[in-house]
Amino acid sequence: MTIDPTSAISGASSIGSIGSIGSISKPPTATEGGSGFGSMLGDAIQGLQNTQTEAAGAAQDLATGKATDPTAVVMAVERAQLSMQMASQIRTKAVEAVQTIFQTQV
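Numbering (the working numbering), first residue to last: 8 to 113.
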């Protein structure tokens, strides 16, 4: 008795049919898609600012007695701290990369 190894895989008959790629056109530019590197960087900085503002507001609420859950305040402050550390590390790596590019001899 022989066993067909592909019978155990459900949908094995459709593996070969990937489908049409469609028409290939030029990649979208920043003006067409609106999501270039600059806008992505701006969104990331805005997200960092929102996190910092949220943490400051939560700390203010805790200090004035408005906050009912101190663990949520601690989590907001820690999230803001981690976001700032990550942004700082990204900035450091970007500066190092630019310095390396400038030091490269052509």
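By construction, the Cβ of each residue, glycine as well, lies at the ideal position given by its N, Cα and C atoms. In this text the structure is predicted, and so the values were computed from the model without any measurement.
Sequence-distant residues of its chain with Cβ nearer than 8 Å to Ala65 (five each side left out) = Here the set comprises Ala74, Ala79, Val80, Ala83, Val84.
Between the beta-carbon of Ala104 and the beta-carbon of Gln59, is there less than 8 Å?
-> no
Asp68, DSSP secondary structure in three states = If DSSP states are grouped into helix, strand and coil, Asp68 belongs with the helices.
Grouping DSSP H, G and I as helix and E and B as strand, with all else coil, what is Lys73?
-> In the structure shown, Lys73 sits in coil (DSSP, three-state: anything other than H, G, I, E or B).
Return the residue from the list Asp68, Phe44, Ile52, Met47 that minimises the CA-CA distance to Met93.
-> Ile52
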